[in-house]
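Input: a single structure, listed below in C-alpha cells.
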Ligand code: ADP
Ligand code: ASP
Ligand code: MG
C-alpha cells in the first residue's frame, strides 16, 4: 500500500463531467489499496473570472480581499469532487487550506507555505477516507486566508506530499508529461520520460508554466518523487527526480523555456563607480520589484549603463523609480521596452560541454534574430530577443539541438 498525493489542474476539473471522471480515476487507485490525498485547482477559467469580478469594482482592490475571493474557486471544486466520490461509494472528505492548517506567511497573493499540520489528514487516511484538499491557499498566523500565486496548487500538492512522507506526488494536467518545450508552440516537441529537479527548476523559473517554481523547489528540497501525467490519457508521464549518474549519457540540452511576461529597462550614462549598481538595483528591489536578467556595460567615455528585466506588470512602477534615480545620478537617459521575450535552453548535459552557446547563437543568427541580452548559469543559457521572433527562435533552437521526435527531425 502506498500513500499517493494527486493534483488535478483546472482543465482536469473544468466541468462536472470532468470532475466525475477524476472521481472514477481516484476510486480506481483506492480500489488498488492505496491511500490518497487529492489536491484540486479551481475549475478552468474560474480564477480569472473571479479576478475580473473584483476588477469591475476596483482596479486597486486590497490584497487581503483578493485572496478571500480567489480562494473560493478551489473551495467549490473540493466539495464537488468529494460529492462525486461519495456518489461512487468512496468515503471522502474535503478541506480548505485553512482547515488542514496549511500555515503560510502573510504575503497575500504570493504567500509561502511555512508549516502543515498533517495530523487531521493522517487520521482521515487511517479511517480509509480519501482526503480532498483545496490547492493554492493557506492561512496566516492571524487566520487570514492567503493564496500562493498563480499555479499554486502544484505547490500545495508537493508540500502535502513532503509533510505526509508520500511515496509519490502526481500532477495530473492536460498534457501527458513535460515536453522539450511547450507543445502548444512547437508541434513536434517530444515528451521526456525523465528530467532532473535541477533542470525542471530552470525550466519553470525561465517561464515554462507546466509546474509552479515553488513546487519544484519543494520537491527537490524534500526529495519528493514528482510525476507529471495527463488526466485525459493513460501513460507513465514524466518523472522528475534527482540526477542519476548511471543514466545513459544525457543530451546537452533537455528543453527550451520561454517567457513573454518580462519587460526591459535601461539606464544610460551613469558613473562607473562603486555603489552605483547598488543604488540603481537596490532601490528597485527595495520596492519589492523582482529583477531578473541584469547586464552592465561601460562605454568608451567611462560612463556605464545598466539593463535589467522586470515583470511587465511592474514595468511602470519600476520605470518611475528608475527615472527618479536617473535624476539623482545625472544619468543620460532611461529606456523602457515591453516588446521583448526571453528564451532559455536548459540541460545538465551542457555543464561538461563547450560549444552549446555557439550552436545557440548560430541558430539565432541563421534566422536573423538579434540577441539583446545574454545570461548564463551552469545548466542554462538565456537570451532576450524581440518578442516578434519568439516562436521562430524557439523552433530554430528546437531544431538546432535536435530535440524533436527523431522521425521528424531534419538531418
Ligand atoms: P493545470 O491547469 O493542469 O495546472 P497548466 O496550464 O498550468 O495546467 O500547465 C499545463 C500547460 O503547460 C500545458 O497545456 C502546456 O501548454 C504548458 N507547457 C509549457 N511548457 C511545457 C512543457 N515544457 N511541457 C509540457 N507542457 C508545457
Ligand atoms: N486556480 C489557481 C490559478 O488559476 C491555482 C492553480 O490552478 O494552481 O492559478
Ligand atoms: Mg498549473
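Residue numbers (the numbering used here): 10 to 420.
Virtual Cβ for every residue (Gly too), placed ideally from N, Cα, C.
A quick note: this is a predicted structure, and the numbers were derived from the prediction, not measured.
For the set 383, 360 and 304, the Cα lying nearest the Cα of residue 260 is the one of 360. Rounded to the nearest angstrom, the gap between the Cα atoms of residue 10 and residue 172 is 18 angstroms. Straight-line spacing of the CA atoms in residue 67 and residue 356 works out to 44 angstroms.
The beta carbon of residue 191 sits closer than 7 angstroms to at least one heavy atom of ligand 1. The criterion of a C-beta distance shorter than 8 angstroms is satisfied by residue 410 and residue 262.
Residue state for residue 57 is assigned as helix, using DSSP reduced to three classes. Under the three-state reduction of DSSP output, residue 250 falls in the strand class.
When C-beta atoms of the segment 213 to 232 are compared with those of the segment 172 to 192, three or more pairs fall below 8 angstroms, so the two segments count as touching.
Taking residue 288 as the centre and dropping the five residues before and after it, the same chain places the C-beta of 334, 337 and 338 closer than 8 angstroms to its C-beta, in chain order. Of 154, 45, 78 and 52, the smallest CA-CA separation from residue 61 is found for 78. Residue 21 places its beta carbon 8 angstroms or farther from that of residue 250. Only exposed fits residue 126, as fewer than 16 other CB atoms lie within 10 angstroms of its CB. Residue 227 sits in a helix when the DSSP states are folded into three classes. Among the bridge pairs identified by DSSP, residue 125 is matched with 111. Here residue 318 really is in contact with residue 302; their C-beta atoms are around 5 angstroms apart, less than 8 angstroms.
Distance from the C-beta of residue 184 to the nearest heavy atom of ligand 1 is below 7 angstroms. Rounded to the nearest angstrom, the gap between the Cα atoms of residue 286 and residue 389 is 24 angstroms.
Not one heavy atom of ligand 3 lies closer than 7 angstroms to the C-beta of residue 107.
Of the other Cβ atoms in all chains shown, fewer than 16 fall within 10 Å of the Cβ of residue 24; this residue is therefore exposed. Only buried fits residue 273, as 16 or more other CB atoms lie within 10 angstroms of its CB. The Cβ neighbour count for residue 65, taken over all protein chains shown within 10 Å, is under 16; the residue is labelled exposed. Where residue 156 is concerned, the enclosing beta strand (DSSP E) starts and stops at 154 to 156. For the options 28, 115, 276 and 406, the alpha carbon positioned closest to that of residue 141 is the one of 28. The Cβ-Cβ distance between residue 198 and residue 278 does not fall below 8 angstroms. For residue 95, the enclosing alpha helix (DSSP H) has its first and last residue at 72 to 96. Around residue 365, the same chain offers 261 and 359 as residues with beta carbons nearer than 6 angstroms, after the five sequence neighbours per side are excluded. Ligand 3 has a heavy atom closer than 7 angstroms to the beta-carbon of residue 163. At a Cβ-Cβ threshold of 8 angstroms, residue 97 and residue 36 count as neighbours. When Cβ pairs closer than 8 angstroms are counted between the two stretches, the segment 152 to 164 is seen to touch the segment 222 to 235, the count reaching three or more.
Residue burial is scored here from C-beta neighbours: residue 236 has at least 16 other C-beta atoms within 10 angstroms and is therefore classed as buried.
Take the alpha-carbon of residue 14 and the one of residue 181: they are about 11 angstroms apart. Under the DSSP assignment, residue 245 falls outside any alpha helix (DSSP H); it carries neither an H nor an E label.
In the DSSP secondary-structure assignment, residue 99 is not bridged to any residue. Leaving aside the five residues that flank residue 395 on each side, the residues in its chain whose CB is nearer than 8 angstroms to its CB run, in chain order, 348, 349, 350, 378, 379 and 381. The shortest C-alpha to C-alpha distance from residue 143 to any of 168, 123, 132 and 128 is the one to 168. Counting the other CB atoms within 10 Å of its CB gives residue 397 a total below 16, which places it among the exposed residues.
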